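At position 65 of the sequence shown the residue is numbered 65 (UniProt numbering), and the sequence of numbers has no breaks.
Every residue gets a Cβ at the ideal spot worked out from N, C-alpha and C, and that includes glycine.
Treat the numbers as computed from the prediction; the structure is a model and nothing was measured.
Since the structure comes first, as structure tokens, the remarks are kept for the end.
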Amino acid sequence: MPTTSTSEVATGALTRVRVGAVSSGRVRVETEMEGPATAPALRPMLLASDATSARVSLVPDGAMLLAGDRVAVEVEVGEGACLTLVEPAGTVAYDMDGGQACWSVAITLAAGATLLWAGEPFVVSAGADVIRSTAVTLGAGARLALRETLVLGRHGERPGRTSTSWSALDHEGRPLLVESLDLDEASLVPGILGDHRVLGAVTTFGLDLPPDLCRQGRLDLERGGTLWRHLAAEAHELPGEPWTVSSASSRSGGSRSRR
Numbered sequence: 001m002p003t004t005s006t007s008e009v010a011t012g013a014l015t016r017v018r019v020g021a022v023s024s025g026r027v028r029v030e031t032e033m034e035g036p037a038t039a040p041a042l043r044p045m046l047l048a049s050d051a052t053s054a055r056v057s058l059v060p061d062g063a064m065l066l067a068g069d070r071v072a073v074e075v076e077v078g079e080g081a082c083l084t085l086v087e088p089a090g091t092v093a094y095d096m097d098g099g100q101a102c103w104s105v106a107i108t109l110a111a112g113a114t115l116l117w118a119g120e121p122f123v124v125s126a127g128a129d130v131i132r133s134t135a136v137t138l139g140a141g142a143r144l145a146l147r148e149t150l151v152l153g154r155h156g157e158r159p160g161r162t163s164t165s166w167s168a169l170d171h172e173g174r175p176l177l178v179e180s181l182d183l184d185e186a187s188l189v190p191g192i193l194g195d196h197r198v199l200g201a202v203t204t205f206g207l208d209l210p211p212d213l214c215r216q217g218r219l220d221l222e223r224g225g226t227l228w229r230h231l232a233a234e235a236h237e238l239p240g241e242p243w244t245v246s247s248a249s250s251r252s253g254g255s256r257s258r259r
């Protein structure tokens with residue numbers, strides 16, 4: 001199988017998506033990108049918006065993920081507003097020749113805000129080393145549904161290494177979920193992942209998932225919320241997202257963008 005290797009050149013880019021509080025008949029959507037023009041990033045593109053909601057696509061801009069890449073995403077949703085994030089394609093972390101890359105997500109939801117994000121597969125190729133982090137702050141009555149799919153290695157190859165951290169705090173600063181997970185080739189053994197190279201996860205807060213949904217791998221958190229995990233040999237074998245929440249309408253709206 002052909003491989004792709006890269007030398008480490010430090011590059012960083014920040015993507016911001018802000019949806020304002022519901023007011024004046026339409027939510028305000030702001031998108032912004034910071035960093036060198038040559039740095040790989042996720043370019044936010046507004047697909048639709050209406051009085052209470054918006055739908056934004058995060059489009060890969062440049063080759064990613066290579067050694068030295070620092071990709072960061074900041075998402076803010078105002079009071080009472082709803083944001084749906086869409087990924088048109090998955091992400092591949094390539095052989096980094098001993099280097100490392102970072103992928104971080106920070107989410108802030110105001111009171112009564114909603115974020116729906118059904119992420120596409122994140123593939124950690126042989127030789128890749130990726131630090132992934134997700135930090136969430138939820139206002140009172142906020143709702144979150146986030147799907148993540150981690151694929152250890154491209155088809156027919158051994159996996160690289162990934163270190164993942166996850167934290168979620170409520171509006172009083174109390175932890176709802178704090179977790180870290182390190183996975184590499186040594187994880188593909190009985191008692192850990194076995195022969196499953198795909199790990200799917202759905203994390204929800206503020207949404208009531210019926211008990212008969214995702215019975216296997218489901219963990220109802222002590223302070224509210226649900227974490228559901230599913231193992232598979234291939235990404236297409238994972239079930240879809242188990243939530244049903246109305247998202248943005250098809251009507252278009254305006255946005256402000258700059259690089």
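- Counting along the chain, the unbroken beta strand (DSSP E) around residue 48 starts and ends at 41-49.
- The Cβ atoms of residue 162 and residue 116 lie no closer than 8 Å to each other.
- At a Cβ-Cβ threshold of 8 Å, residue 160 and residue 113 do not count as neighbours.
- The segment 58-140 is shown to contain whole beta strand (DSSP E) runs of 3 or more residues at 69-77, 82-86, 91-93, 101-109, 114-118, 122-124 and 129-138, in chain order.
- The beta strand (DSSP E) runs of length 3 or more contained entirely in the segment 140-202 are, from start to end of the chain, 143-152, 161-169 and 175-183.
- Here the alpha carbon of residue 219 sits roughly 21 Å from the alpha carbon of residue 151.
- By the C-beta criterion, the segment 123-139 is judged to be in contact with the segment 90-104, since at least 3 inter-stretch pairs fall below 8 Å.
- The C-beta distance from residue 31 to residue 60 rounds to 15 Å, too long to meet the 8 Å contact threshold.
- Closest in C-alpha terms to residue 167, from the list 194, 135, 149 and 188, comes 135.
- Residue 13 sits in a strand when the DSSP states are folded into three classes.
- Only residues of its own chain outside the window of five on either side were considered, and among them 108 and 169 have a CB closer than 6 Å to the CB of residue 137, listed in chain order.
- Note that the C-beta distance between residue 41 and residue 71 is below 8 Å.
- Taking a C-beta distance under 8 Å as the contact criterion, residue 177 and residue 225 qualify as a contact pair.
- Residue environment: residue 63 is assigned as exposed (fewer than 16 neighbouring CB atoms within 10 Å of its CB, all protein chains considered).
- DSSP places residue 235 within a helical segment (H, G or I) once states are collapsed to three.
- Assignment of residue 212 by DSSP, reduced to helix, strand and coil, places it in the coil class.
- Within a 10 Å sphere around the beta-carbon of residue 164 sit 16 or more other beta-carbons, which makes this residue buried.
- Across the structure, residue 197 and residue 203 are spaced so that their CA atoms are roughly 20 Å apart.
- In the three-state scheme derived from DSSP, where H, G and I count as helix and E and B as strand, residue 54 is classed as strand.
- When secondary structure is reduced to three states using DSSP, residue 222 falls in the coil class, being assigned neither helix nor strand.
- With a 10 Å radius around the Cβ and a threshold of 16 neighbouring Cβ atoms, residue 69 comes out buried.
- Here the C-alpha atom of residue 157 lies approximately 11 Å from the C-alpha atom of residue 123.
- Between residue 140 and residue 93, the C-beta spacing is not below 8 Å.
- The DSSP-derived three-state label of residue 227 is strand.
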